[in-house]
Structure formats: C-alpha cells, structure tokens
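Each remark here refers to the structure printed beneath this line.
In my numbering, the protein residues as written are -10 to 547.
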C-alpha cells in the first residue's frame, strides 16, 4: 500500500514531465545523446559543477535513450527516497503512508525540481539508504554492498557529495575500541565517491576562491514566511521564480503550524524508533539546518569562507544541504500521525480514527495544492529544433571547442514555451563547449569563475571580425554557435566559414585553432580520482558476489 501510494504521488507531482519530450527547466538539461568529452572528466577550465554527473549520464545514455533516462532519474529518485524512509519508519500503516507523502511532497523536492537540481534529488534519495548503511557498518564492523553502490550514485555533484559524505560520517563513525576498520571504510568510501569533483576542484582552487554573490544564493524568506521558518519546513531557495505560490501566503503558515505540531507530538516516539542512532540523525539534521541558517544569519562569514577556503563556495547555496534533514523531518511527522491516531483507540472511534488517518496522509497535498501535475505545468516537456541535429553532425570533435553565443548562461527560447533554461546547446553538440557562467539575480550580475570565458569576452570586444577569430582560436575555440532565437542582442561577427545557418542557429568554423591540452600531472590526478570512483562500484559488486557465494555454500551445507 505505501509503495502504491508513493507511485501515485510521483505521477501526480510530475504529471506532464512523464510524457514525450525533454523536461528543460533552469539547470536541468537532458539531450537525446550526451557525448562523452574531456571536460566532463574534469579537464575543463570552469569549476567542475557537472562532475561527475555529465560523465555518468554520457555513459548511461549509451544504454538508455536520454528522454527515458531523465524520466527514470526523476521518478526513481522520488521513489527511492520514499522507499528508504519506509525502512526507517517501523510503524503503523498511517505513519508509513505519511512518511511517503512528506518525503515526496515537500518544499525541498518541489523547489529542486523547479530549479532543475536533479543531482540533489538523487543525493536526497540516497540519504535514508546511507543512514541504513552507516548504521549497519557501526553494528557489523564492515560496510555492506549497498553502501559502495549508493554513495557514488548519490554524489553526482559537489553539494550532493557533501550530503553523502556527511550522512556516512555523522551516522557511521564511532569512537569505540576496535571501530577503526569500519571508520576507515566509511572515510574511504566518502572520499572515493567524491573523488572526481574533489580532484577537479582542487585543480581549479584559485577560481574556487570566489565570494561574489554569496548573499544572493543563501537562505531566503518565502513570501511572508521568514527565512529560518522556511528552512525548518525544508524550503528557503534563493530563486523566487520556483517557489510555489502556496509557500508565500497563509497556507505556508498553516503548513508550518500543522506539520510542526505533528513533529513535536511525535518526537518522543520517533526517538524510540531510532534506537541508538536517533541522536546521530538529530546531529545530521542540525548540520543541514545549521549550515543553511548560517547563510542567512552571517552571510559575511560565508563570503569569507568562499573567498579564502577552497570549497567554501559550496556553502553559498547551503539550502541544498537541507536534504540532510529528511530522516528527522519525515520521521517525526510520521510518528506524530501515529501518536495522534493511536489516541483514538476506543472501538467506538474506529471510523473517526480512519478518517483522521486519511486526513493526515493527504494533508501535505492540501497544503501545497498548486504543485500538482508538473508543478502546475512548469515541467511540460519540450523538443529540440531540427536544426540542432544538423549542427551536431557538422560540429565534429577534434577541431577545438564550441563557443556558445550570445554570452548568457540562461535562455528562454520560444520552443520551450518561454521557460528559462541553462543553455542546452553545448550538451547537445559533441565537442567541449565554452559558455557563459555569469548569473543575473534580481537584476544583479554575479560574474562567473572561468578564466577562459573572461578571455573569450575580451576577444569578442576586439574591433574586427578577423581579430576576434584569431583571439578565440588561440583559446582553443574551433566553432562559434550563435542561437538566433535566444531573444538576446546579436553577437559581433567573427571571421570563419559559416557551415550552418537556419532561423534558430548559425554555426561558424574558425580556420586557425590552438589545441587545448591537459598537463601530465592533471591527467594522472584525475585518472586516480576516476579509478577511486569506479572502485566503489567494483568493490560493491565484489562484496555482493562474495556474499551470494557464501549464502549458497551455507545453503548446500545446511
């Protein structure tokens, strides 16, 4: 029953996103076939925000078409999160159904869907499973197979990787004598699962020291709901455009009061469910909430960390880390429902008891009714222009990178029904691409960190088309792709051979291109990082095969 309810909720939440086409919204871009390229492995000049996610998708969509893969990831993440919470809620049917509801239908999942942070949804889904993994490691002294497989899948981006590592270490590490083996395994798993972006980020350490825009990306109020209260209810995202209307008015206060009351009511029973790990789950909740509140309470401290500590910039969007709060958030609310329903144990109250249980289970839906059916239609799929297929064939790898123009990170082309998306053309084509990483937040430009992009901007400012082409070629740019339907001002002309011109796109091939090569040191470091990442999967499979073999031997001998 809880699983069927979860499937129904996922369908109701995603709605049109499950239909034909690609869901393109802000940072979520899936294409028919994502070609593997060196930048996806960490060799790019920009910060590795899509490492290792792009590389993993590039491998998977050789087996599963990109359109299907996207839908599997979205539905699978929500279902896996709910299934994991079911294993942490050993309670009545009403409590388990409530746990499924608040796991799938809450501000965190809704807002991350809206802004396209699909890697955070995968990390969010991994949290309850990693709690189980870390708990078992503490009890048995060794990591189970699932830990080696789930951790690298959950750590598909830097912020998601922090969620994975924090869950493993906060829940699993212990100070008892003889615990060094399981502690070492947990630390090794946390490092190996995050190795690709950690090493790639280390190679861009100077660019990572960037304090601009910290105040824009931290915890924000949602309408009349103050920022700290928004965080307590798993919300507080910086982008107002993806905040549901129900989160900005009276319903948000009703949701805070009712769900908060259920959580307080159920806290004691939930603590009993948690046994010896409950205090660690509270610590995990405190880490996620505390780092999120820091961006609101002391943005100057976060800015200092981002400007002086490599990796400190991860705290700029600390509300992503609210995924760490899931076990306590969903668990205490579910326990509160059980306490409330158990209060009507008298036989004469069977009907009111059932009605109360149903009301509690569907309450979160009533508190955010406007997110049903694809966030009110915001997740309606799109199809790419036919001219992009031709551009993909023309822009062959081996002749430098593709510069995407106009220099704006986000687009709102007509074929997406005007929805804002990060420029998908670079991922649609096959070579490495150079695109703007500047962001415009509330009219303020937050400059990006990619030094090569700054050099490309200077090249475009040259006075003649030939000079622009020469300067871009020296940066390793071999093609210039200008999207003519972006709604942005046209870019300056660049000398070269126009290999494709349509109403949506112009593709120019430059004549002289300086190849961009990675150093031997970078290659060795990144090779080691990817070997460590892949070793997680190999180790997990090896542990699983070994255990299956042991079980078969015991079965035969028994």
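For every residue, glycine included, the Cβ atom is placed at its ideal position computed from N, Cα and C.
By how many angstroms is the C-alpha of residue j removed from the C-alpha of residue i?
i: residue 122; j: residue 512; result: 33 Å
i: residue 258; j: residue 109; result: 29 Å
i: residue 474; j: residue 495; result: 10 Å
i: residue 283; j: residue 187; result: 23 Å
i: residue 324; j: residue 129; result: 28 Å
i: residue 115; j: residue 190; result: 23 Å
i: residue 504; j: residue 228; result: 38 Å
i: residue 385; j: residue 76; result: 49 Å
i: residue 453; j: residue 412; result: 27 Å
i: residue 157; j: residue 164; result: 15 Å
i: residue 408; j: residue 211; result: 21 Å
i: residue 184; j: residue 528; result: 15 Å
i: residue 286; j: residue 177; result: 33 Å
i: residue 406; j: residue 435; result: 26 Å
i: residue 97; j: residue 486; result: 47 Å
i: residue 356; j: residue 81; result: 23 Å
i: residue 22; j: residue 182; result: 25 Å
i: residue 350; j: residue 251; result: 12 Å
i: residue 232; j: residue 491; result: 36 Å
i: residue 65; j: residue 394; result: 35 Å
i: residue 371; j: residue 13; result: 7 Å
i: residue 442; j: residue 15; result: 20 Å
i: residue 138; j: residue 481; result: 49 Å
i: residue 260; j: residue 290; result: 34 Å
i: residue 304; j: residue 48; result: 30 Å
i: residue 332; j: residue 347; result: 15 Å
i: residue 218; j: residue 396; result: 37 Å
i: residue 69; j: residue 225; result: 24 Å
i: residue 369; j: residue 4; result: 8 Å
i: residue 456; j: residue 423; result: 19 Å
Is it buried or exposed for residue i, if we count other Cβ within 10 angstroms and need 16 for buried?
i: residue 169; result: exposed
i: residue 343; result: exposed
i: residue 223; result: buried
i: residue 42; result: buried
i: residue -3; result: exposed
i: residue 74; result: buried
i: residue 117; result: buried
i: residue 421; result: buried
i: residue 508; result: exposed
i: residue 57; result: exposed
i: residue 542; result: exposed
i: residue 37; result: buried
i: residue 518; result: buried
i: residue 520; result: exposed
i: residue 294; result: buried
Can you look up residue i in the DSSP assignment and give me helix, strand or coil?
i: residue 467; result: strand
i: residue 475; result: coil
i: residue 208; result: coil
i: residue -10; result: coil
i: residue 146; result: coil
i: residue 34; result: coil
i: residue 284; result: helix
i: residue 214; result: strand
i: residue 81; result: coil
i: residue 164; result: coil
i: residue 14; result: strand
i: residue 42; result: helix
i: residue 371; result: strand
i: residue -1; result: helix
i: residue 24; result: coil
i: residue 63; result: helix
i: residue 74; result: helix
i: residue 562; result: Missing from the structure shown is residue 562; the chain here goes from -10 to 547 and no further.
i: residue 5; result: helix
i: residue 357; result: coil
i: residue 452; result: coil
i: residue 508; result: coil
Please report the residue range of the beta strand (DSSP E) in which residue i lies.
i: residue 487; result: 486 to 490
i: residue 498; result: 494 to 498
i: residue 434; result: 433 to 435
Could you spell out the range, first to last residue, of the alpha helix (DSSP H) harbouring residue i?
i: residue 333; result: Here residue 333 belongs to no alpha helix (DSSP H), and DSSP marks it neither H nor E.
i: residue 253; result: 239 to 263
i: residue 227; result: From DSSP, residue 227 is part of no alpha helix (DSSP H); its letter is neither H nor E.
i: residue 129; result: 107 to 129
i: residue 51; result: Where residue 51 is concerned, there is no enclosing alpha helix (DSSP H), given that its DSSP letter is neither H nor E.
i: residue 176; result: 169 to 191
i: residue 99; result: 96 to 104
i: residue 447; result: 440 to 449
Legend entry - Runs of alpha helix (DSSP H) lying entirely within the region 380 to 429, each at least 4 residues, in chain order: Taking only runs of at least 4 residues, the alpha helix (DSSP H) segments lying wholly in the region 380 to 429 are 414 to 417.
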